[in-house]
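**Q**
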Ligand code: CP
Ligand code: NVA
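Residue numbers (my numbering): 14 to 324.
(1) Below 8 Å, can you find three or more Cβ-Cβ pairs linking the stretch 139-158 to the stretch 181-191?
(2) What whole-angstrom Cβ distance do residue 185 and residue 152 have, given they're in contact under 8 Å?
(3) Please list, in chain order, all residues of the same chain as residue 35 whose beta carbon is under 8 Å from its beta carbon, the five residues on each side excluded.
(4) Say the cut is 7 Å; is the CB of residue 249 nearer than that to a heavy atom of the ligand NVA?
(5) Helix, strand or coil: which one does DSSP assign to residue 297?
(6) How should residue 201 be labelled, buried or exposed, when 16 other C-beta atoms within 10 angstroms of its C-beta is the threshold for buried?
(7) Kindly indicate the opening and closing residues of the beta strand (DSSP E) around residue 180.
(8) How long is the line joining the alpha carbons of residue 110 and residue 172, rounded to whole angstroms?
(9) Determine the direct distance from the alpha carbon of residue 17 to that of residue 114, and round the result to whole angstroms.
(10) For residue 64, which beta-bridge partners are listed by DSSP?
(11) Looking at residue 261: is its Cβ nearer than 8 Å to the Cβ of residue 225?
(12) In chain order, what residues of the same chain lie with their CB nearer than 6 Å to the CB of residue 56, ignoring the 5 residues before and after it?
(13) Rounded C-beta distance between residue 266 and residue 294? I'm assuming under 8 Å.
(14) Terminal residues of the continuous alpha helix (DSSP H) containing residue 307?
(15) Residue 164 to residue 33, Cα distance in whole Å?
(16) Would you call the stretch 269-279 and the stretch 310-318 in contact, with 3 or more CB pairs under 8 Å?
(17) Could you check which residue in 257, 127, 25, 51 has the C-alpha nearest to that of residue 104?
(18) Tell me the residue span of the alpha helix (DSSP H) that contains residue 49.
(19) Quick check on DSSP: helix, strand or coil for residue 139?
(20) Any heavy atom of the ligand NVA closer than 7 Å to the beta-carbon of residue 213?
(21) Quick one: grab the DSSP three-state call for residue 216.
(22) The alpha helix (DSSP H) that contains residue 282, what's its start and end?
(23) For the ligand NVA, is there any heavy atom lying closer than 7 Å to the beta carbon of residue 284?
(24) Between which two residues does the alpha helix (DSSP H) harbouring residue 58 extend?
(25) CB of residue 143 to nearest heavy atom of the ligand NVA: below 7 Å?
(26) Buried or exposed for residue 97, going by 16 or more other Cβ atoms inside 10 Å?
(27) Cα separation between residue 80 and residue 209?
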């Protein structure tokens, strides 16, 4: 039976049950099929999504906006200069006023606390479009991509190499264990995921029977990998650390030499934007194992599923 998710927020994958994650992916698959067979239904006719951005975006902004349009609704973009989130008025007032106008709020912020504050005071669903802590919509799209490419989500080994303390790594921890996937992170010392995130993910892992491992050696991690995942070494908001990070992360580059140590049918994911020549080489990101463009496309389909369920 369908689970009613109307009115819910999407702040973290950890707040969702395994069944809710499965439902989002199943609805996304149906919506994607309908889209390609020109049978799209106007599930969000008359609805408007307010999109708050404190940071730049290609995929998130465009896929949410197009997603709303394709489902018969509309979206409005509120960029950093428009509402001056965190500067012009209290976040709680923004949440209370905006929810009188729109049917849902999607927000991309620096501090994760702002997402929590918006969710607390909004009377319409709040969707986290990336905070410094988490990037749940990205990882739900990634799960859809993995399911399509591998035909399943459980009994797979996902190896994440790079910055273990960023939003994508944190959401991958939550997302993979939630669906029964093993996750190994190879990260330099000092760039491990936050302890509270690992502890929460471990609770799920124990229940579901998946495994989390955090090590330092990328070569050791990659042995038997079904999926290799990487992200930029310096996330938005941490630019002042970028020179130090370039040195620290050098041994963590996804290059051809490393890829040959994974399974023959390994797929390579990157949330994009990529810094080619840093965390991933041109040869690998443009090579036969890379699925990054399909992955980016799936942001659209999965978010349409999320919007249809929550709004
Ligand atoms: N992957 C992702 O969220 O891309 P944007 O920053 O372009 O939205
Ligand atoms: N970790 C990256 C993801 C970008 C989509 C960042 O926050 O910049």
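Note that the Cβ used here is the ideal one computed from N, Cα and C, for glycine as well.
**A** With the structure as the only source:
(1) Output reads yes: the stretch 181-191 touches the stretch 139-158.
(2) That pair is a contact at about 5 Å.
(3) So the list reads 192, once near-sequence residues are dropped.
(4) Yes - the ligand NVA has a heavy atom lying nearer than 7 Å to the Cβ of residue 249.
(5) Of the three classes helix, strand and coil, the one that applies to residue 297 here is helix, per DSSP.
(6) Classified as buried, residue 201 has 16 or more neighbouring CB atoms from the shown chains inside 10 Å of its CB.
(7) Here residue 180 belongs to no beta strand (DSSP E); instead the alpha helix (DSSP H) covers 180-191.
(8) Rounded to the nearest angstrom, the two C-alpha atoms are 43 Å apart.
(9) Annotation: residue 114 to residue 17 spans about 23 Å, alpha carbon to alpha carbon.
(10) Answer is 90, 119.
(11) Cβ atoms of residue 261 and residue 225: not closer than 8 Å.
(12) These residues qualify, in order along the chain: 84, 321.
(13) So it is a contact: roughly 7 Å between Cβ atoms.
(14) Segment 305-323, the alpha helix (DSSP H) holding residue 307.
(15) Approximately 19 Å between the Cα atoms of the pair.
(16) Output reads no: the stretch 310-318 does not touch the stretch 269-279.
(17) When each option's Cα is compared against that of residue 104, the closest is 127.
(18) Start and end: 31-49.
(19) The three-state secondary structure of residue 139, taken from DSSP, is strand.
(20) Not under cutoff, so the answer is no.
(21) Residue state, collapsed to three classes: helix.
(22) Annotation for residue 282: no alpha helix (DSSP H) segment contains it, though the beta strand (DSSP E) segment containing it runs 280-283.
(23) Indeed, a heavy atom of the ligand NVA lies less than 7 Å from the Cβ.
(24) Careful: residue 58 lies outside any alpha helix (DSSP H) and carries neither H nor E.
(25) Yes.
(26) Counting other Cβ atoms within 10 Å of its Cβ, residue 97 stays below 16 and is therefore classed as exposed.
(27) When rounded, the separation of the alpha-carbon atoms in residue 80 and residue 209 is 33 Å.
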